[in-house]
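Here the structure is laid out as structure tokens; the discussion comes afterwards.
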Amino acid sequence: MNLFAISFKTLRRKKVRSVLTVGGVGIAVAVLVSLLGFDAGYQQALGNDIDKMGYQVLVTAKGCPYEAATLMLKGGGGLRYMEDAVYEKIIKDERIDKITPQLVSTVYDKEKGGGQGGISMFMGVLDSYLELKPWVRFKSGGWFSSGAADEAIMGYEAAEIEQRSVGDEIFIAKLNKVLKVVGILERTGTQDDGVIFLPMKTAQKIFDLPGKITGIGIKLKDFGQLSAFEEDLYNEPAIQVVSMAQVKGTIFNLMASAKILANSIATVAVIVALVGVINTILMSVFERTKEIGVMKALGASRSDVFRIIWIETTLICVLGGLLGEILAIVGSGAVEYILKRILPYAPSGKLVLISMPLLLISLAGAVVTGLLAGIYPAFRAASMHPVEAIRNSG
Amino acid sequence: MKETIIKAEKLTKAFKMPAEEIVAVDAVDIQIDEGDFVSLMGPSGSGKTTLLDVIGCLDFLTSGRLLVFGRDVSSARESELVARRRGRIGFVFQEFLLLPELTALENVELPMIFARMKPDPEKARQLLEKVGLGGRADHLPKELSGGERQRVAVARSLATSPKLLLADEPTGNLDTRNSQEIFSLFRKLNEEDGLTIVVTTHDRELGSQAARTVRLKDGKIA
Numbered sequence: 001m002n003l004f005a006i007s008f009k010t011l012r013r014k015k016v017r018s019v020l021t022v023g024g025v026g027i028a029v030a031v032l033v034s035l036l037g038f039d040a041g042y043q044q045a046l047g048n049d050i051d052k053m054g055y056q057v058l059v060t061a062k063g064c065p066y067e068a069a070t071l072m073l074k075g076g077g078g079l080r081y082m083e084d085a086v087y088e089k090i091i092k093d094e095r096i097d098k099i100t101p102q103l104v105s106t107v108y109d110k111e112k113g114g115g116q117g118g119i120s121m122f123m124g125v126l127d128s129y130l131e132l133k134p135w136v137r138f139k140s141g142g143w144f145s146s147g148a149a150d151e152a153i154m155g156y157e158a159a160e161i162e163q164r165s166v167g168d169e170i171f172i173a174k175l176n177k178v179l180k181v182v183g184i185l186e187r188t189g190t191q192d193d194g195v196i197f198l199p200m201k202t203a204q205k206i207f208d209l210p211g212k213i214t215g216i217g218i219k220l221k222d223f224g225q226l227s228a229f230e231e232d233l234y235n236e237p238a239i240q241v242v243s244m245a246q247v248k249g250t251i252f253n254l255m256a257s258a259k260i261l262a263n264s265i266a267t268v269a270v271i272v273a274l275v276g277v278i279n280t281i282l283m284s285v286f287e288r289t290k291e292i293g294v295m296k297a298l299g300a301s302r303s304d305v306f307r308i309i310w311i312e313t314t315l316i317c318v319l320g321g322l323l324g325e326i327l328a329i330v331g332s333g334a335v336e337y338i339l340k341r342i343l344p345y346a347p348s349g350k351l352v353l354i355s356m357p358l359l360l361i362s363l364a365g366a367v368v369t370g371l372l373a374g375i376y377p378a379f380r381a382a383s384m385h386p387v388e389a390i391r392n393s394g
Numbered sequence: 001m002k003e004t005i006i007k008a009e010k011l012t013k014a015f016k017m018p019a020e021e022i023v024a025v026d027a028v029d030i031q032i033d034e035g036d037f038v039s040l041m042g043p044s045g046s047g048k049t050t051l052l053d054v055i056g057c058l059d060f061l062t063s064g065r066l067l068v069f070g071r072d073v074s075s076a077r078e079s080e081l082v083a084r085r086r087g088r089i090g091f092v093f094q095e096f097l098l099l100p101e102l103t104a105l106e107n108v109e110l111p112m113i114f115a116r117m118k119p120d121p122e123k124a125r126q127l128l129e130k131v132g133l134g135g136r137a138d139h140l141p142k143e144l145s146g147g148e149r150q151r152v153a154v155a156r157s158l159a160t161s162p163k164l165l166l167a168d169e170p171t172g173n174l175d176t177r178n179s180q181e182i183f184s185l186f187r188k189l190n191e192e193d194g195l196t197i198v199v200t201t202h203d204r205e206l207g208s209q210a211a212r213t214v215r216l217k218d219g220k221i222a
């Protein structure tokens with residue numbers, strides 16, 4: 001037996017109280033780990049998403065920048081179109097390495113998701129699309145047979161959700177159109193996974209948008225020329241230029257206020273847990289006044305008593321920390337699900353990234369918190385006078 | 001020649017109260033030698049417990065001189081008092097005061113830990129056998145009777161092989177039979193092991209079983 005064993009056994013005396021206190025610490029740590037994990041995961045997911053778009057610059061029809069970001073990343077509503085003459089003009093620029101136009105359109109499909117209804121996202125593309133995204137691989141099938149064929153290539157998730165394979169025919173009820181699936185892409189971890197690709201001409205025809213496009217993705221030969229290139233495009237009427245750096249900034253700004261709120265909640269949770277631990281241990285110290293007096297009479301020094309109480313506090317915080325980390329890991333799926341529903345923009349991929357360093361840092365934080373929380377109760381216990389503690393307490 | 005364990009001269013302990021100062025122990029001279037079995041007797045409020053606390057280095061004295069195992073502790077600080085009593089003086093209290101979540105054996109081991117000794121379960125078990133509780137070593141205090149608990153407390157007080165055992169009203173919470181057993185145990189420890197024992201009691205019959213009786217009244221030796 002040692003001081004640690006004494007502390008541990010004492011904690012077991014008031015099981016309910018100890019468990020509740022550990023639970024309080026656990027919840028605080030779980031909130032903290034989830035938020036920090038979200039912080040890390042979101043940045044990484046967003047970064048991945050944007051890098052994997054393959055463009056450095058996206059040219060869209062004039063509209064507000066927020067819409068541009070939404071369009072580019074989410075492919076949602078509020079779409080504006082521009083003439084494909086713009087594309088013909090820009091393509092002549094010598095600084096361009098690769099360029100591809102795209103026409104995005106969405107269709108509400110009431111059969112989607114097993115009758116729940118949902119949005120199907122279509123994108124008209126040219127062969128040059130693959131040049132900008134060299135990592136795209138076919139799971140099965142291949143590219144369109146011609147630039148105007150009634151054919152479709154499905155992103156990994158789009159095919160998965162609708163249970164499609166190459167050779168199937170998809171019927172777009174709203175447009176009364178049948179398309180043949182010629183290819184299914186492998187998972188890319190980007191928005192492309194949910195898209196149904198069509199040849200540009202086919203898309204323009206079936207969505208009744210002849211000669212229109214929604215955007216032009218551009219990769220430059222030299223990344224250093226980006227600002228000069230953007231500057232030139234700003235002079236063009238009726239279009240706007242969005243660089244990826246700008247998009248990242250816009251989204252991070254949108255997230256910043258939400259993050260401050262979330263971090264404040266986490267801070268409050270940690271403080272409440274800390275006060276709870278101090279309260280529990282202090283209560284336990286006062287209840288055990290006589291015992292502490294006896295320990296001192298039996299030869300325990302101030303530092304022995306201090307350590308016994310300090311170990312108790314730290315044990316609570318470490319157990320709470322471990323519990324919180326388990327809760328955070330187990331609950332990350334649920335947190336992920338909720339975040340994806342409430343966030344204005346959620347990148348694909350894992351949003352809550354709970355890494356080993358994060359777990360270790362959180363546990364270390366719990367230990368330090370425990371040590372801090374234990375100082376006062378331990379000091380009170382250590383300062384008890386043996387005779388007063390034994391004889392004068394109830 | 002016998003070693004002098006406690007030597008007190010004009011030992012005084014006063015408590016400051018808001019209105020007045022209460023002198024609990026008033027200029028007491030007492031000497032306790034190795035192998036003594038002394039009972040401190042007197043009515044409640046006579047100062048027995050306070051005297052025991054002070055000579056046991058649990059409390060400071062107000063004035064006078066006190067030598068414990070030959071060292072003057074008259075103006076010792078708390079840490080010096082701890083060092084003086086740790087391992088050398090065993091205590092038994094009226095209320096037993098065992099740690100409820102530790103078994104009898106673990107309670108006996110406790111003073112070893114505080115005395116920076118390696119906890120010795122074998123020795124703890126032998127001590128429990130000595131007090132007649134060999135078969136109850138793994139029981140928790142709540143599973144023991146009052147008399148058994150007090151015997152665990154006696155075994156605990158012996159854990160560090162102290163030279164002096166101080167017992168404050170050890171039979172105060174026990175019935176006659178158990179009280180007699182505790183005193184018989186003290187006599188055995190004194191006679192067979194030569195343990196020096198000072199015990200406070202207000203029970204004349206029990207007190208008279210000690211080799212020497214010191215009576216206190218109003219803080220003075222009567």
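Heads up: the sequence lines are chains Z and C, in that order. Going by my numbering, the first residue of the first sequence is number 1, and it counts up by one from there. Going by my numbering, the first residue of the second sequence is number 1, and it counts up by one from there. All C-beta atoms, glycine included, are put in the ideal place defined by N, C-alpha and C.
Discussion item. Just to check my reading of the structure: residue 201 of chain C and residue 39 of chain C have Cβ atoms closer than 8 angstroms, yes? What is that Cβ distance to the nearest angstrom?
Written reply: Position 201 of the second sequence, counted from the first residue, corresponds to residue 201 of chain C. Position 39 of the second sequence, counted from the first residue, corresponds to residue 39 of chain C. Rounded, the Cβ-Cβ distance is 6 angstroms, consistent with contact.
Discussion item. Per DSSP, what are the beta-bridge partners of residue 180 of chain Z in this structure?
Written reply: On the first sequence, residue 180 of chain Z is found 180 positions in, with the first residue counted as 1. Residue 180 of chain Z pairs with Z/151, Z/169.
Item to complete: In angstroms with no decimal places, state the Cα-to-Cα distance between residue 206 of chain C and residue 91 of chain C.
Response: Position 206 of the second sequence, counting from 1, holds the residue named residue 206 of chain C. Position 91 of the second sequence, counting from 1, holds the residue named residue 91 of chain C. So the alpha carbons of these two residues sit roughly 18 angstroms apart.
Worksheet item: For the segment 51-78 of chain C, which residues have a beta carbon sitting closer than 7 angstroms to at least one beta carbon of chain Z?
Response: 53, 58, 59
Discussion item. Taking the beta carbon of residue 222 of chain C as the centre, do at least 16 other beta carbons fall within 10 Å, making it buried, or is it exposed?
Written reply: Along the second sequence, read from residue 1 onward, the residue named residue 222 of chain C stands at position 222. By the neighbour-count rule (16 or more Cβ atoms within 10 Å), residue 222 of chain C is not buried but exposed.
Worksheet item: Quick one: which chain D residues come within Cβ less than 9 angstroms of residue 86 of chain C?
Response: No chain D appears in the structure shown, which is made up of the protein chains Z and C.
Fill in: Length at least 3, wholly inside the segment 83-147 of chain C: the beta strand (DSSP E) runs in chain order
89-92
Worksheet item: Nearest to residue 148 of chain C by alpha carbon, out of C/162, C/95, C/196?
Response: The count along the second sequence starts at 1 and reaches residue 148 of chain C at position 148. Nearest option by C-alpha distance: C/95.
Worksheet item: Taking just the CA atoms, how far does residue 30 of chain Z sit from residue 353 of chain Z?
Response: One-based indexing of the first sequence puts residue 353 of chain Z at position 353. One-based indexing of the first sequence puts residue 30 of chain Z at position 30. If I take the Cα positions, the gap works out to 13 angstroms.
Discussion item. On a Cα-Cα basis, can you pick out the residue from Z/319, Z/302, Z/90, Z/286 that is closest to residue 79 of chain C?
Written reply: Position 79 of the second sequence, counted from the first residue, corresponds to residue 79 of chain C. Per the Cα distances, Z/302.
Practice prompt. For chain C, find out if any of its Cβ atoms is closer than 8 angstroms to the Cβ of residue 386 of chain Z; answer yes or no.
Written response: Here the question's residue 386 of chain Z lines up with position 386 in the first sequence. It does; some Cβ of chain C falls within 8 angstroms.
Practice prompt. Check whether the segment 136-146 of chain C touches the segment 101-113 of chain C, counting contact only when three or more Cβ pairs, one atom from each stretch, lie closer than 8 angstroms.
Written response: yes
Worksheet item: Taking all protein chains shown into account, do 16 or more other C-beta atoms lie within 10 angstroms of the C-beta of residue 105 of chain Z, making it buried, or fewer, making it exposed?
Response: In the first sequence, the residue the question calls residue 105 of chain Z occupies position 105. Under this definition residue 105 of chain Z is a buried residue.
Fill in: Where the alpha helix (DSSP H) containing residue 207 of chain C begins and where it ends
On the second sequence, position 207 is the one that residue 207 of chain C refers to. Unbroken alpha helix (DSSP H) run through residue 207 of chain C: 204-207.
Discussion item. So, at 7 angstroms on beta carbons, what are the nonlocal neighbours of residue 29 of chain C in its own chain, with the 5 sequence-adjacent residues on each side left out?
Written reply: To locate residue 29 of chain C, count along the second sequence from 1; it is residue 29. Cβ neighbours of residue 29 of chain C beyond the five flanking positions: 8, 9, 10.
Worksheet entry | Candidates C/187, C/41, C/195: closest to residue 35 of chain C by CA position | On the second sequence, position 35 is the one that residue 35 of chain C refers to. Comparing Cα-Cα distances from residue 35 of chain C to each of C/187, C/41, C/195, the minimum goes to C/195.
Discussion item. Using the Cβ count rule (16 or more neighbours within 10 Å means buried), how would you classify residue 129 of chain Z?
Written reply: In the first sequence, counting from the first residue as 1, residue 129 of chain Z sits at position 129. So residue 129 of chain Z ends up on the buried side.
Worksheet item: Which residues does DSSP pair with residue 25 of chain C in a beta bridge?
Response: The residue given as residue 25 of chain C occupies position 25 in the second sequence. In the DSSP output, where bridge partners are listed per residue, residue 25 of chain C has C/13.
Practice prompt. Give the residues from the segment 10-29 of chain Z that approach chain C closer than 7 angstroms (Cβ to any Cβ), ordered along the chain.
Written response: 10, 12, 13
Worksheet item: How would you list, in chain order, the residues of chain C whose beta-carbon sits under 8 angstroms from the beta-carbon of residue 248 of chain Z?
Response: On the first sequence, residue 248 of chain Z is found 248 positions in, with the first residue counted as 1. Near residue 248 of chain Z there are no residues of chain C at all, since even the closest Cβ is about 57 angstroms away, more than 8 angstroms.
Item to complete: Use the C-beta contact count for residue 62 of chain Z: other C-beta atoms within 10 angstroms, 16 or more gives buried, fewer gives exposed.
Response: Walking along the first sequence from the start, residue 62 of chain Z turns up at place 62. So residue 62 of chain Z ends up on the exposed side.
Worksheet entry | Beta-carbon proximity of residue 95 of chain Z to residue 221 of chain Z, cut-off 8 angstroms | Against the first sequence, residue 95 of chain Z aligns to sequence position 95. Against the first sequence, residue 221 of chain Z aligns to sequence position 221. Cβ distance < 8 angstroms, so residue 95 of chain Z and residue 221 of chain Z count as in contact.
Worksheet item: Going along the chain, which residues of the segment 312-324 of chain Z sit with their C-beta nearer than 8 angstroms to a C-beta in chain C?
Response: none
Worksheet item: Taking the C-alpha atoms as reference points, what is the distance between residue 177 of chain Z and residue 330 of chain Z?
Response: Within the first sequence, numbered from 1, the residue matching residue 177 of chain Z stands at position 177. Within the first sequence, numbered from 1, the residue matching residue 330 of chain Z stands at position 330. Distance between the alpha carbons of residue 177 of chain Z and residue 330 of chain Z is about 44 angstroms.
Discussion item. Taking 8 angstroms as the threshold (C-beta atoms), are residue 189 of chain C and residue 151 of chain C in contact?
Written reply: Counting from 1 along the second sequence, the entry for residue 151 of chain C is found at position 151. Counting from 1 along the second sequence, the entry for residue 189 of chain C is found at position 189. No, they are not a contact pair.
Practice prompt. Look up residue 158 of chain C in the DSSP assignment and say whether it is helix, strand or coil.
Written response: Along the second sequence, read from residue 1 onward, the residue named residue 158 of chain C stands at position 158. Three-state result, residue 158 of chain C: coil.
Discussion item. Along the segment 91-113 of chain C, where does the CB come closer than 8 angstroms to a CB of chain Z? Name the residues.
Written reply: 91, 93, 95, 97, 99, 100, 101, 102, 106, 109, 110, 111, 113
Item to complete: Could you check how far apart the C-beta atoms of residue 160 of chain C and residue 210 of chain C are, in whole angstroms? I think they sit under 8 angstroms.
Response: In the second sequence, counting from the first residue as 1, residue 160 of chain C sits at position 160. In the second sequence, counting from the first residue as 1, residue 210 of chain C sits at position 210. The pair is not a contact, with the Cβ atoms about 23 angstroms apart (cut-off 8 angstroms).
Worksheet item: If you compare alpha carbons, which of Z/312, Z/348, Z/86 is closest to residue 22 of chain Z?
Response: Within the first sequence, the letter at position 22 stands for residue 22 of chain Z. Ranking Z/312, Z/348, Z/86 by Cα distance to residue 22 of chain Z puts Z/312 first.
Worksheet item: Whose Cβ in chain C lies nearer than 9 angstroms to the Cβ of residue 304 of chain Z?
Response: The residue you call residue 304 of chain Z lines up with position 304 of the first sequence. Residues of chain C passing the Cβ test: 113, 114.
Worksheet item: Looking at the structure shown, is residue 238 of chain Z part of a helix, part of a strand, or coil, going by DSSP?
Response: Reading the first sequence from its first residue, position 238 is the one you call residue 238 of chain Z. Reduced to three states, the DSSP call for residue 238 of chain Z is coil.
Item to complete: Assign residue 45 of chain Z to buried or exposed, taking buried as 16 or more other Cβ atoms, counted over all protein chains shown, within 10 Å of its Cβ.
Response: Within the first sequence, numbered from 1, the residue matching residue 45 of chain Z stands at position 45. That one is buried.
Discussion item. Do residue 217 of chain Z and residue 118 of chain Z count as a contact pair if the criterion is CB distance below 8 angstroms?
Written reply: Taking the first residue of the first sequence as position 1, residue 118 of chain Z is located at position 118. Taking the first residue of the first sequence as position 1, residue 217 of chain Z is located at position 217. Not closer than 8 angstroms, so no.
Worksheet item: For the segment 114-146 of chain C, which residues have a CB atom closer than 7 angstroms to at least one CB atom of chain Z, in sequence order?
Response: 114, 115, 119
Worksheet item: What residue does the alpha helix (DSSP H) around residue 214 of chain Z start on, and which one ends it?
Response: Indexing the first sequence from 1 puts residue 214 of chain Z at position 214. Neither: residue 214 of chain Z is in no alpha helix (DSSP H) and is coded neither H nor E.
Worksheet item: What separation, rounded to the nearest whole angstrom, lies between the Cα atoms of residue 20 of chain C and residue 214 of chain C?
Response: As a working note, residue 20 of chain C is residue 20 in the second sequence. As a working note, residue 214 of chain C is residue 214 in the second sequence. Distance between the alpha carbons of residue 20 of chain C and residue 214 of chain C: 28 angstroms.
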